[in-house]
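For reference, each letter of the sequence shown is one residue, going 3 to 471 in the working numbering.
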Amino acid sequence: MNDLDFAYRLYYEYDNYFEPALPLKRTKYSDILPLIDRLRNSNIFSVNEIGKSVLGKEIFLITAGRGKTKIFLWSQMHGDESTATRAIFDIFNFFLSDDNMTDFRNRLLEQTTLYFMPMLNPDGAEIFQRRNFFNFDINRDFARLQTPEAKILKTTFDLINADFGFNLHDQSRLYSAGHNFKQATISLLAPPFDIENSINDIRIKSMLLTGKIFNIISSFIPGHIARYSDEYEPRAFGDNFQKLGTSTILIESGGWKNDPEKLFVRKMNFITLLTSFKSIMEGTFLNESLETYNSIPLNQKDLFDLVIRNLKINNNGFEYLIDIGINREEISCSLDKGYYIKSTIEDTGDLSVFFGYEDFDFTGMEISAGKTYPVLFESIKEIENLDFHTLHSQGYTSVILRDKNFTGEYSPLPINIITDQNIIQNEIKSGTSANLIIIKDRQIKYIILNGFLIEPKVSDNDLINGTIN
């Protein structure tokens with residue numbers, strides 16, 4: 003079976019391997035522990051506790067295979083970058099399965115040895131933050147090795163002496179693959195090992211394998227694969243592992259439309275890694291050309307979550323056209339999914355060189371700031387009983403709550419709640435909340451409430467959350 007046919011089989015049979023215990027991107031240490039315990043009982047995997055984080059959480063190395071070619075993967079060294087971690091557990095399920103892929107599994111385990119470090123930063127993962135407990139970026143600690151997590155990664159690397167390494171991360175969903183509207187769903191890099199961006203035999207293998215990945219995954223997400231910046235970073239692990247003789251590939255998981263938990267991106271990781279293992283085992287990546295690697299479009303930060311264009315605005319007697327770019331930030335909270343949304347106007351003016359996940363041309367329409375309802379409410383219960391469709395159709399995006407005992411983190415309702423009456427809501431400028439009114443023929447056609455576009459007469463109000471100010 004050639005590599006592309008193999009990738010398509012993985013694509014169509016992926017649901018058989020999907021690990022249902024990890025549905026959310028806020029994957030915590032406690033989520034993976036029972037899954038690792040399950041691996042201890044298999045005859046395929048060896049589970050070793052190789053050290054502890056700052057707060058004493060075990061860091062694991064999980065090994066499969068007995069072959070000569072060694073492949074080392076490490077994930078979630080940044081605690082809020084979990085896409086590949088979840089894909090790794092899907093891969094574990096793949097190896098534990100008994101189906102029409104069994105011959106391939108046996109051959110791979112005979113010819114390679116796979117080393118997985120699925121969560122290097124469990125303290126950061128527990129609170130879904132990039133850095134570790136010391137507030138150190140582990141991936142900037144290669145030179146000094148001050149954090150226990152960095153020491154563990156370096157020691158493990160030295161012991162394995164791998165032929166290939168996969169450095170697994172997540173990047174912002176706002177990157178595009180080149181200068182266009184297509185998200186960089188997967189970004190790849192054969193990291194440099196010096197400031198001159200030199201090439202040697204070790205890095206050539208990385209570049210050829212990266213080209214192979216690009217060609218395979220482009221069959222599923224054409225135009226959505228980018229090349230990460232190759233600026234040399236002397237403090238980073240991937241750059242230094244390349245220097246030390248392991249052909250290293252960086253994989254950055256970006257965004258995909260309507261995929262807030264990055265489940266589709268996770269699937270692309272699953273296919274990327276398993277097809278890479280096959281290509282390494284069979285040597286098919288050596289048939290690629292360096293021209294393929296060099297042709298991969300560069301990451302560009304050209305995206306917003308929402309762009310609205312060509313709106314007329316009146317400001318102090320001046321009328322002009324304006325585009326507005328809005329981004330949505332995920333704020334950790336006690337919701338089941340682990341976060342709520344807070345949106346901000348990131349940029350205004352001529353945004354014709356940028357693109358949006360959602361992108362609307364409102365030529366002929368006018369825009370103004372959202373309004374605050376003039377009645378003061380004494381309890382959240384009063385607000386819950388409001389007719390939000392009517393409020394939205396009148397341009398109201400906020401209400402005022404006069405209850406000093408209210409302590410909510412966010413508004414679970416499709417309205418913003420103001421608890422401080424001194425807060426200014428009616429501005430359209432960068433850095434302010436994204437609450438706007440869009441008018442067509444002197445009638446309110448849309449509102450933007452906390453960065454979400456709503457058509458008051460037809461929109462389903464339970465699709466969003468408001469904020470509390």
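Note that beta-carbon positions come from the ideal geometry of N, C-alpha and C, so glycine has one too.
It should be emphasised that the depicted structure is a prediction, and the values quoted were computed from it without experimental measurement.
Residue i in three-state terms, based on DSSP
i: Thr115; result: strand
i: Ile385; result: helix
i: Thr294; result: helix
i: Ser178; result: strand
i: Gly257; result: coil
i: Phe201; result: The question names Phe, but residue 201 is Ile in the sequence shown. Reduced to three states, the DSSP call for Ile201 is coil.
i: Gln244; result: helix
i: Asn418; result: strand
i: Arg133; result: coil
i: Ser208; result: helix
Supposed close pair residue i, residue j - CB separation, criterion 8 angstroms
i: Ser381; j: Asp405; result: 6 angstroms
i: Phe239; j: Phe144; result: 5 angstroms
i: Asn437; j: Thr399; result: 4 angstroms
i: Thr149; j: Phe138; result: 5 angstroms
i: Glu112; j: Arg40; result: That pair is no contact at about 24 angstroms.
i: Phe2; j: Glu21; result: A question about residue 2 goes unanswered here, because the residues of the chain that appear run from 3 up to 471.
i: Asn182; j: Tyr342; result: Their Cβ separation, rounded to whole angstroms, is 31 angstroms, which puts Asn182 and Tyr342 out of contact at 8 angstroms.
i: Leu26; j: Gly340; result: 6 angstroms
i: Gly453; j: Arg330; result: 5 angstroms
Beta-carbon proximity check, residue i vs residue j, cutoff 9 angstroms
i: Tyr13; j: Lys269; result: yes
i: Leu170; j: Ser255; result: yes
i: Glu332; j: Leu455; result: no
i: Thr274; j: Ile206; result: no
i: Leu98; j: Thr65; result: no
i: Gln244; j: Ile204; result: yes
i: Asp172; j: Lys264; result: yes
i: Ile282; j: Thr104; result: no
i: Gly366; j: Lys442; result: yes
i: Met364; j: Ile420; result: In the sequence on display, residue 364 carries Phe and not Met. No, the Cβ-Cβ distance between Phe364 and Ile420 is not below 9 angstroms.
i: Ser435; j: Lys344; result: yes
i: Asp165; j: Thr248; result: yes
i: Pro193; j: Thr286; result: no
i: Glu368; j: Ile402; result: no
i: Ala89; j: Phe266; result: no
i: Phe94; j: Phe118; result: yes
i: Gly327; j: Thr350; result: yes
i: Ala127; j: Lys30; result: yes
i: Pro299; j: Ile227; result: yes
i: Leu190; j: Leu252; result: yes
i: Ser354; j: Asp325; result: yes
i: Leu451; j: Asn407; result: no
i: Asn45; j: Asp101; result: no
i: Glu348; j: Ser291; result: no
i: Arg132; j: Ser84; result: no
Opening and closing residue of the beta strand (DSSP E) in which residue i lies
i: Thr374; result: 373-379
i: Thr87; result: Careful: Thr87 lies outside any beta strand (DSSP E), inside the alpha helix (DSSP H) at 85-98.
i: Gly225; result: No beta strand (DSSP E) contains Gly225, which DSSP labels as neither H nor E.
i: His171; result: 166-172
i: Phe357; result: 357-363
i: Ser334; result: 320-334
i: Ser400; result: 398-403
i: Asn317; result: 305-317
i: Asp349; result: 341-351
i: Gln445; result: 445-451
i: Ile440; result: 438-442
i: Ser48; result: 47-54
i: Leu455; result: 454-456
Residue i versus residue j: straight-line alpha-carbon distance, rounded
i: Leu122; j: Ala152; result: 8 angstroms
i: Tyr234; j: Arg142; result: 12 angstroms
i: Phe74; j: Leu305; result: 33 angstroms
i: Thr469; j: Thr346; result: 11 angstroms
i: Pro120; j: Leu24; result: 13 angstroms
i: Ser208; j: Ile201; result: 10 angstroms
i: Phe106; j: Ser413; result: 51 angstroms
i: Pro376; j: Glu429; result: 17 angstroms
i: Leu210; j: Asn217; result: 11 angstroms
i: Phe356; j: Trp258; result: 17 angstroms
i: Glu384; j: Ile34; result: 42 angstroms
i: Lys156; j: Glu60; result: 16 angstroms
i: Asn301; j: Asn43; result: 42 angstroms
Continuous alpha helix (DSSP H) stretch holding residue i: start and end
i: Glu60; result: Segment 60-67 is the beta strand (DSSP E) holding Glu60; no alpha helix (DSSP H) there.
i: Phe266; result: 265-284
i: Thr71; result: Premise fails: Thr71 lies in the beta strand (DSSP E), 71-77, not in any alpha helix (DSSP H).
i: Ile34; result: 31-42
i: Ile154; result: 150-162
i: Phe390; result: 390-395
i: Leu57; result: Here Leu57 belongs to no alpha helix (DSSP H), and DSSP marks it neither H nor E.
i: Leu191; result: Here Leu191 belongs to no alpha helix (DSSP H); instead the beta strand (DSSP E) covers 188-191.
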